[in-house]
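Numbering (full-length UniProt numbering), first residue to last: 1 to 564. Where is the CB? At the ideal position from N, CA and C, for every residue including glycine. Worksheet for the structure shown next.
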Amino acid sequence: MTGPAARTAEGAGDAVLTGIGIGGGSAAGPVARMAPPPALPAPRTVDPAQAPAEAAAVRRALRETAADLRRRAEAADGAAGEVLSAQALMADDPALGDRAEALVAEGTDGAHALAAAFGEFRTALEAAGGYFAERVADLDDLRDRSVARLLGLPMPGLPDPGHPHVLVAGDLAPADTAQLDPARVLALVTERGGPTSHTAILARTLGLPAVVGCTGAAGLADGREVLVDGAAGTVRTDPDPAAVAEAAERDRRRRERAARAAGPGRTADGHPVKLLVNLGGLGELPDAAAADSEGVGLFRTEFLFLDRTEAPGREEQTAAYREVFTAFAGRRVVVRTLDAGADKPLPFATAADEQNPALGVRGLRTAARDPHLLETQLAAVAEAADGSGAEVWVMAPMVSLPREAAEFAGRVRAHGLPVAGSMVEVPAAALRAGALARACDFLSVGTNDLAQYAFAADRTLGSLAELLDPWQPALLELVGTAAREGARHGRPVGVCGEAAADPLLAPVLAGLGVTSLSAAPGRLGEVRASLAARTLDDCRRLAGLALGAPDAASARAAVLEALG
Ligand SMILES: C=C(OP(=O)(O)O)C(=O)O
Ligand SMILES: [Mg+2]
1 MTGPAARTAE
11 GAGDAVLTGI
21 GIGGGSAAGP
31 VARMAPPPAL
41 PAPRTVDPAQ
51 APAEAAAVRR
61 ALRETAADLR
71 RRAEAADGAA
81 GEVLSAQALM
91 ADDPALGDRA
101 EALVAEGTDG
111 AHALAAAFGE
121 FRTALEAAGG
131 YFAERVADLD
141 DLRDRSVARL
151 LGLPMPGLPD
161 PGHPHVLVAG
171 DLAPADTAQL
181 DPARVLALVT
191 ERGGPTSHTA
201 ILARTLGLPA
211 VVGCTGAAGL
221 ADGREVLVDG
231 AAGTVRTDPD
241 PAAVAEAAER
251 DRRRRERAAR
261 AAGPGRTADG
271 HPVKLLVNLG
281 GLGELPDAAA
291 ADSEGVGLFR
301 TEFLFLDRTE
311 APGREEQTAA
321 YREVFTAFAG
331 RRVVVRTLDA
341 GADKPLPFAT
351 AADEQNPALG
361 VRGLRTAARD
371 PHLLETQLAA
381 VAEAADGSGA
391 EVWVMAPMVS
401 LPREAAEFAG
411 RVRAHGLPVA
421 GSMVEVPAAA
431 LRAGALARAC
441 DFLSVGTNDL
451 AQYAFAADRT
461 LGSLAELLDP
471 WQPALLELVG
481 TAAREGARHG
491 RPVGVCGEAA
501 ADPLLAPVLA
511 GLGVTSLSAA
521 PGRLGEVRAS
531 LAARTLDDCR
541 RLAGLALGAP
551 DAASARAAVL
561 EALG
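In structure tokens, the structure reads:
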């Protein structure tokens, strides 16, 4: 990760935008922007003489939207293709066009007539509940697309220019990222977002270079050539071929370095540090399973729950978990129970009236209010684990008290699942890690949230990136406390936040006593190589240097200097 400063420097014909670099690599290509939903213009009364032409434009917008969706459905495979085909069918529904036309005949302008007709369909879908209510988001997307087409505005949602591109957006939500086609997207650039935002996590998962919190990204036009450098945190417009070639050569050397080490993670003198992958959904499963790892250190289960109005049932959950466990037969899978709330709001699990959702009922706290959600999930995990061959561990997010850890462990074991753990994401949990460790079987430090709560800094804000930097000595001290206390009670303590993806930080974390690192599959090679180059004593010395520094930049600089 690179620094948060954002500036634009005009050079000879090109410009350099800076932000927070993610991923270490680079990529060059044309920009494709993700446009925001269209804003409706001021309402206009349509003259009866103009109504037929206005109605025809509305029908054309719906027809063209449906045709576009059909074209994309043919090009897509699997679930994405099915969703697009279903959307095309909705756009083709004559009742929708009839209703919009009737409103135009009464004098409503086309855009408002479309929005109102979609609004009525939305209400009906919601009232029908179940599967139909789950299609509301698709209908909203369809409304935005149809209105944009009618008004001649850029198409909202993920762009599909038909060729590889650099995706530029305000920010990406979890639902957007689920639909992103990694074969077409070369790099990500967002105006907002910090080092642990969804965009940053997604970029590491897909192995894409990214620059988040990039001021000036809004000015990048569709089709403009850019060079995105995730190591430097820069976006260069109209780059000259020499700069592109130089970045490509640097990437090649980086990949070569990462490919040199293989097998279980260990320091130069053989001290083991397990290397595990983070998994955020079934789409990531092939890469995750193929990676050289000892298993999954963080299986984020939210992907099953996002973008729906009701929680998935036990059967659906069992089938999804079984896919993962089977793919990891013979290896460990640490399942994290649902972490609803704050940056992952779910309509059925999150209170809409909380003023500070990050400090509200989220993670394990949700289970106290709605025990059924956790019970169903644990039953599904247990059923899927049975006979799968995977070593299934279960952990809870957002644990604050030893009592919560003990209660959670009791529930997990009641389902026949033998290993229960707690995430350490709240400073109180780190400070009392000894009691937490005694109450369960293992700890896993979520540095993304731990940084957010230790520094009172919203993890989604790019402007607070310095405080959220995993090199902050205060954060490292909390990690060290958790690791030490875990060791005192004979419990493993891993790190599964984005800190674990930083090869330079890996020896520091090992020196603090961390027993496993879990990161995006594409990051493990460099992390492994970095650990293998240092003895445990080296790691401890580097940890001491980082802890003794006054801030994140000095900690990183001290370690770099020590490494020559
Ligand atoms: C791993 C973590 O959980 P998430 O990023 O899913 O909140 C964390 O907080 O570090
Ligand atoms: Mg977290």
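Rounded to whole angstroms, the separation of the alpha carbons of Ala-482 and Ala-433 is 5 Å. Proximity of the beta carbon of Arg-523 to ligand 1 is not indicated: no heavy atom of the ligand is located closer than 8 Å. Fully enclosed beta strand (DSSP E) runs of no fewer than 3 residues occupy 419-424 and 442-445 of the region 401-447, in order along the chain. Gly-97 has its Cβ no nearer than 8 Å to any heavy atom of ligand 2.
Per the Cβ contact rule, the region 183-200 is not in contact with the region 39-52 (fewer than 3 Cβ pairs under 8 Å).
Exclusion of Asn-356 from the 8 Å shell around ligand 2 follows from its C-beta lying no nearer than that to any non-hydrogen atom of the ligand. Between the region 237-251 and the region 52-63, the count of C-beta pairs closer than 8 Å stays below three; the two stretches do not touch. The C-alpha of Leu-298 lies about 13 Å from the C-alpha of Ile-201. With contacts defined as CB atoms closer than 9 Å, Leu-450 and Leu-443 fail to qualify as a contacting pair.
Within its own chain, the residues whose Cβ lies closer than 7 Å to the Cβ of Gly-486, once the five positions on either side in sequence are excluded, are Ala-433, Ala-437, Leu-443, Pro-492 and Val-493, listed in chain order. Between ligand 2 and the CB of Pro-397, the shortest heavy atom gap is smaller than 8 Å.
For the pair of segments examined, the region 461-481 was found not to touch the region 373-393: the number of CB pairs separated by less than 8 Å stays below three. A distance criterion of 8 Å places the beta-carbon of Glu-284 beyond contact range of ligand 1, judged by its closest non-hydrogen atom. For Glu-82, the number of other beta carbons within 10 angstroms of its own is below 16, and it is reported as exposed. Looking from the CA of Glu-316, the closest CA among Thr-301, Leu-84, Ala-32 and Ala-327 belongs to Thr-301. Counting C-beta pairs with one atom in each stretch, the region 321-332 and the region 283-299 have three or more that are closer than 8 Å, which means they touch. If you draw a straight line from the Cα of Met-395 to the Cα of His-271, it comes to about 25 Å. A heavy atom of ligand 2 is found nearer than 8 Å to the CB of Asp-339. Going by C-alpha positions, Phe-328 is about 15 Å away from Ala-319.
Looking only at Asn-448, Ala-390 and Pro-312, the smallest Cα-Cα distance to Ala-342 is reached by Asn-448.
Residue environment: Asn-278 is assigned as buried (16 or more neighbouring CB atoms within 10 Å of its CB, all protein chains considered). A distance below 7 Å between beta-carbons, with the five flanking residues on each side excluded, links Gly-170 to the following residues of its chain, in chain order: Pro-36, Thr-190, Glu-191 and Arg-192.
Nearest C-alpha to Arg-255 among Gly-511, Arg-528 and Trp-393: Arg-528. Residue state for Ala-169 is assigned as strand, using DSSP reduced to three classes. Less than 9 Å separates the beta-carbon of Gly-24 from that of Gly-230. Your pair Glu-561 and Ala-258 does not check out as a contact, with CB atoms roughly 23 Å apart and the cut at 8 Å. Between the C-alpha atoms of Gln-355 and Ala-117 there is a straight-line separation of about 33 Å. Considering only Gly-207, Leu-158 and Ala-465, the residue with the shortest C-alpha distance to Ala-27 is Gly-207. In this structure, the beta-carbon distance from Ala-111 to Leu-142 does not fall below 9 Å. For Arg-192, no alpha helix (DSSP H) run applies, since DSSP gives it neither H nor E.
Straight-line measurement puts the Cα of Leu-545 at about 31 Å from the Cα of Leu-401.
In the DSSP annotation of this structure, the continuous segment of the beta strand (DSSP E) that includes Glu-391 starts and ends at 391-396.
It is roughly 19 Å from the alpha-carbon of Gln-452 to the alpha-carbon of Ser-518. Taking C-beta separations shorter than 7 Å and ignoring five residues to either side along the sequence, the partners of Arg-135 in its chain run Leu-125, following chain order. Residue environment analysis places Glu-74 among the exposed positions, since fewer than 16 neighbouring C-beta atoms fall within 10 angstroms of its C-beta. In the three-state reduction of the DSSP assignment, Thr-309 falls in the coil class, being assigned neither a helical nor a strand state.
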